[in-house]
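Trainee: Protein sequences appear in the order of chains C and D.
For what it's worth, our numbering labels the leading residue of the first sequence as 694, then goes sequentially.
For what it's worth, our numbering labels the leading residue of the second sequence as 694, then goes sequentially.
Protein chains: 2
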Amino acid sequence: MRVSIKDIAKAAGVSHSTVSRALSDSSLVSAGTKERIQLLAREMGYSPDAQARSLVEGRTRTIGVVVTTMTDPFIGGIVQAIETTAQDHGYSVILASSNDSSEREIAAAETLQSKRVDGVIVTSSRVGVLHQGRLERLGVPVVLINSLVQHRGRYTFSIGVDNRHGGILATEHLLQLGHRRIAYVAAPDDRSDSMERLTGYHEALARAGIDPDPALLVRGTGRAGGGERALPMLQALPDPPTAVFCYNDMTAIGLIHAAHAAGLSLPQDLAVVGFDDIVFAPYVHPPLTTVAQPVAELGKGAMEMVLSLLPDGNSDPDASTDRTLTGWLVARASSGRKRYPVG
Amino acid sequence: MRVSIKDIAKAAGVSHSTVSRALSDSSLVSAGTKERIQLLAREMGYSPDAQARSLVEGRTRTIGVVVTTMTDPFIGGIVQAIETTAQDHGYSVILASSNDSSEREIAAAETLQSKRVDGVIVTSSRVGVLHQGRLERLGVPVVLINSLVQHRGRYTFSIGVDNRHGGILATEHLLQLGHRRIAYVAAPDDRSDSMERLTGYHEALARAGIDPDPALLVRGTGRAGGGERALPMLQALPDPPTAVFCYNDMTAIGLIHAAHAAGLSLPQDLAVVGFDDIVFAPYVHPPLTTVAQPVAELGKGAMEMVLSLLPDGNSDPDASTDRTLTGWLVARASSGRKRYPVG
DNA sequence: TTGTAGGCGTTATCAC
DNA sequence: GTGATAACGCCTACAA
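#1: Where do the ends of the alpha helix (DSSP H) carrying residue 769 of chain D lie?
#2: Count the other CB atoms, across all protein chains shown, that sit within 10 Å of the CB of residue 703 of chain C; report buried if there are 16 or more and exposed otherwise.
#3: Is the region 827-845 of chain C in contact with the region 806-816 of chain C, if contact means three or more CB pairs nearer than 8 Å?
#4: Where do the ends of the alpha helix (DSSP H) carrying residue 716 of chain C lie?
#5: Applying a beta-carbon distance threshold of less than 9 Å, which residues of chain C neighbour residue 877 of chain D?
#6: Locate the alpha helix (DSSP H) running through residue 900 of chain D, then write down its first and last residues.
#7: Do you know offhand how far residue 965 of chain D's Cα is from residue 961 of chain C's?
#8: For residue 808 of chain D, return the contacting residues in chain C, with the cut-off set at a CB-CB distance below 7 Å.
#9: If the cut is a Cβ gap below 7 Å, which residues of chain C does residue 773 of chain D touch?
#10: Give the interface partners of residue 946 of chain D over in chain C, defined as CB-CB distance under 9 Å, in chain order.
#11: Against chain D, does residue 733 of chain C count as a neighbour if the rule is that its beta carbon must be under 8 Å from one of theirs?
#12: What is the C-beta distance between residue 925 of chain D and residue 909 of chain D, in whole angstroms, given that I count them as a contact (C-beta under 8 Å)?
#13: Measuring only the C-alpha atoms, how far is residue 833 of chain C from residue 795 of chain D?
#14: Could you check whether residue 999 of chain C and residue 771 of chain C sit closer than 8 Å to each other, using their CB atoms as the reference points?
#15: Drop a sphere of 10 angstroms on the beta-carbon of residue 1014 of chain C, count the other beta-carbons inside from all chains shown, and report buried for 16 or more, exposed for fewer.
#16: Is the closest heavy atom of the ligand NAP to the C-beta of residue 834 of chain D under 7 Å?
#17: Starting from the C-beta of residue 847 of chain D, find all residues in its chain whose C-beta is less than 7 Å away, skip the five residues before and the five after it, and write them out in chain order.
#18: Between residue 701 of chain D and residue 946 of chain C, what straight-line distance do the alpha-carbon atoms span, to the nearest angstrom?
#19: Using C-beta distances below 6 Å, list every residue in its chain close to residue 697 of chain D, excluding the 5 sequence neighbours before and after it, in chain order.
#20: Got a sec: is the Cβ-Cβ distance from residue 822 of chain C to anything in chain D below 8 Å?
#21: In terms of alpha-carbon separation, which member of D:757, D:872 and D:762 lies closest to residue 775 of chain D?
#22: Whole angstroms are fine: how far does the CA of residue 1024 of chain D sit from the CA of residue 761 of chain D?
#23: Can you tell me where the alpha helix (DSSP H) with residue 1002 of chain C in it begins and where it stops?
#24: Determine the contact status of residue 852 of chain D and residue 864 of chain D, defining contact as a CB-CB distance below 8 Å.
#25: Residue 951 of chain D: buried (16+ other C-beta within 10 angstroms of its C-beta) or exposed?
#26: Quick one: Cα of residue 746 of chain C to Cα of residue 992 of chain C, how far?
#27: Spatial neighbours of residue 783 of chain D within its chain, please: C-beta separation below 8 Å, excluding the five flanking residues on both sides.
#28: Is residue 870 of chain D near residue 1029 of chain D, with beta carbons less than 8 Å apart?
#29: Starting from the beta carbon of residue 770 of chain D, find every residue of chain C whose beta carbon is closer than 8 Å, and list them in chain order.
#30: Between which residues of its own chain and residue 722 of chain D is the CB-CB distance below 7 Å, once the five residues before and five after are set aside?
#31: Within the continuous alpha helix (DSSP H) that includes residue 942 of chain D, where are the two ends?
#32: Taking just the CA atoms, how far does residue 752 of chain D sit from residue 1001 of chain D?
#33: Based on DSSP bridge pairs, tell me the residues matched to residue 1017 of chain C.
#34: Name the chain C residues that come within less than 8 Å of residue 753 of chain D, Cβ to Cβ?
#35: For the candidate residues D:954, D:978 and D:944, whose alpha-carbon lies nearest to that of residue 953 of chain C?
#36: Which residues in the same chain have their Cβ closer than 6 Å to the Cβ of residue 797 of chain C, if we skip the five residues on either side of it in sequence?
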């Protein structure tokens, strides 16, 4: 049988309220009984029932984390940081993956609502059904990671990396290496971060006085397969690119794989830059140049942002603002060394 | 304000018990009122409070999932499958990462206990403080993934891949390719799965009439760095190996990286086989030969196992047994084609 | 300093 | 069919 405060009360010969007070270290209990009860609780193997406590306190100390899929190592890193930070603040994380299915998204939102999570963090740059409608109606703080806030609710904020800046970093890096025909392998159009990276790419090109060639913009999937399929499309061009900036590392990895298969040697025949700096980036052959995202900070920051948005938090929601972190370029071999254009 | 069944009761002019019945589609309510109440509940935006329900029902429909780190893509895949399966059965997953710190492990166990999870799944082959002592004392079913059950509790079971068999598959593959000097890069000794893979490796060698050379057994970390550091140790041997079997893909990836840096060409100079078949394996250069684990099945199986162990589950715990799934070899280029030994 | 009583939102067991 | 009433485990006025 599970032991409750009543059991302890009986054993200690006091009322259950005294036990409750003693366990919460209230000053309204004599030091003697307090100690006696605390000892007894330990001996009897007492564990407070979070359910019951939540019921009366009106909060669960639980944060819902919505992800598309845990399979993505980038997301895994973020969730890791989220969970660790939650733990440090005495909160738990309840996981809900949408698998990119709106059915599951809705189910997830309902579950989170029933479980009465105190807040929600969404890791997905996808502009889904859920993120803007359903979640806001939960009436709890919502923090979006790497995603645009569309309908600004009183408790909806975002934290993300400066994607435009990242796009500039990547593109300028390639420009500095002497490249003029630089392709961008995007994610599907509903990923806002991909669009922002594209903007940065365009901006860097413009600064260098280069007109963007629409043929050099191809659409991937955000996964390796997208990169693999993008390569032949680019190679088939009458004037193929000498460099490629990929939406993310997975795309770059797929593209590099296809390049090897096509007999290209990297970075001589094709320079490649990714985005994210996932754990594999250094181990790609050749090691992948990429725009690193502060994964741990994103997760930690997101968690701290929801916590600060909580009713009891010291901060005022109206004073809260979106946070933008900056990524940085990690130059490895896949983009090569300085290249002097022929002629 | 959040709407409860009492609010609905007031609005409908009935008692809250009738509302409760109507919402649970009980046959003890007239079809008319039932419909009326259900409509009203929808209109008023009612969402059942899982906390309150759990309190009276004595179960939370929540499963705790303990992982070392979500950063590992293999673990990510498993958690993904666990969560999806949970969702399909109307359960939620509460995440707890230990970060390989026993402090956090203990904290995690306490949280899970307070949150009154109905069961626990542990993904870690590490023989930690927590897994055998603390978790069993929670008094709920515990399922270990890829880990040995040490103290068999009435509700403690495991599901995992046949690591010995996997070790045999990998080693025999290399033997068939003509290799005689095959190294094994292990994980730390407290990882039971690494030990089992080693056993398989030894067994395959024995069958081929080869005495295992202790110098060919080096210890990695389970992460890329371990593989990187293992390579020079092996190369420094007077009679270096022509093939390496690695504890897992991350180790293999690190080792391959070091091999490239050392100017070796793979698989000619060194054949490499990994374990796990993580999402990157096909994209390693050369593509990584590996023993695939049925990740999705492991996660799904683990979840189904805890669910079946639940008090209301149809199955009898005593009839439950550990499950062992079998992996399979995925031959890619890193191990090369058949090799005819010189001489 | 301690005890009593009420309530958090449900479900379940009684009567009616 | 429906409505009181009592639990589940905890917290917290209010009394004593």
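Virtual Cβ for every residue (Gly too), placed ideally from N, Cα, C.
If you're wondering where the values come from, they're calculated on a predicted model, not measured in any experiment.
Mentor: The answer reads as follows:
#1: Here the alpha helix (DSSP H) through residue 769 of chain D covers 766-781.
#2: The residue is exposed, with fewer than 16 neighbouring Cβ atoms inside 10 Å.
#3: The region 827-845 of chain C vs the region 806-816 of chain C: in contact.
#4: Element bounds for residue 716 of chain C: 709-716.
#5: Scanning chain C for C-beta atoms nearer than 9 Å to the C-beta of residue 877 of chain D yields nothing, as the closest lies near 20 Å away.
#6: 885-900 is the span of the alpha helix (DSSP H), which, as asked, contains residue 900 of chain D.
#7: In this model, residue 965 of chain D and residue 961 of chain C are separated by some 27 Å (Cα to Cα).
#8: Near residue 808 of chain D (Cβ distances below 7 Å), the residues of chain C are 743 and 785.
#9: Chain-order list of chain C residues neighbouring residue 773 of chain D: 762, 763, 764 and 790, by C-beta distance under 7 Å.
#10: Near residue 946 of chain D (Cβ distances below 9 Å), the residues of chain C are 973 and 976.
#11: Under the Cβ distance rule, residue 733 of chain C does not count among the residues neighbouring chain D, no pair being separated by less than 8 Å.
#12: Contact between residue 925 of chain D and residue 909 of chain D fails: their C-beta atoms lie close to 14 Å from each other, not under 8 Å.
#13: Cα to Cα, the separation comes out at about 33 Å.
#14: The answer is no: Cβ separation not under 8 Å.
#15: Result: exposed.
#16: This structure lacks the ligand NAP, and indeed carries no ligand of any kind.
#17: So the qualifying residues of the chain are 1010.
#18: Our two residues, residue 701 of chain D and residue 946 of chain C, have alpha carbons roughly 55 Å apart in a direct line.
#19: Nothing listed; no residue qualifies.
#20: Reliability of the predicted coordinates at residue 822 of chain C is poor, the pLDDT of 49 falling under 50, and no value is obtained from them.
#21: Of the candidates D:757, D:872 and D:762, the one whose C-alpha sits nearest the C-alpha of residue 775 of chain D is D:757.
#22: When rounded, the distance between both Cα atoms is 29 Å.
#23: Per DSSP, residue 1002 of chain C is one residue of the alpha helix (DSSP H) stretching across 988-1002.
#24: Taking 8 Å as the Cβ cut-off, residue 852 of chain D and residue 864 of chain D do not qualify as a contacting pair.
#25: With 16 or more Cβ atoms within 10 Å of its Cβ, residue 951 of chain D is classed as buried.
#26: Taking the CA atoms as reference points, residue 746 of chain C sits about 27 Å from residue 992 of chain C.
#27: Excluding sequence positions up to five before and after residue 783 of chain D, its CB lies within less than 8 Å of the CB of 754, all in the same chain and listed in chain order.
#28: Note that the C-beta distance between residue 870 of chain D and residue 1029 of chain D is below 8 Å.
#29: Those are 763 and 764, listed as they occur along chain C.
#30: Spatial neighbours of residue 722 of chain D in its own chain (CB-CB distance under 7 Å, excluding positions within 5 residues in sequence) are listed in chain order as 711, 714 and 715.
#31: Residue 942 of chain D -> alpha helix (DSSP H) spans 942-954.
#32: Rounded to the nearest angstrom, the two C-alpha atoms are 14 Å apart.
#33: Paired residues: C:853.
#34: Under a criterion of Cβ atoms nearer than 8 Å, the residues of chain C adjacent to residue 753 of chain D are, in order, 744.
#35: Residue 953 of chain C has its Cα closest to that of D:978, out of D:954, D:978 and D:944.
#36: Sequence-distant Cβ neighbours of residue 797 of chain C in its own chain, meaning closer than 6 Å and more than five residues away, are 791.
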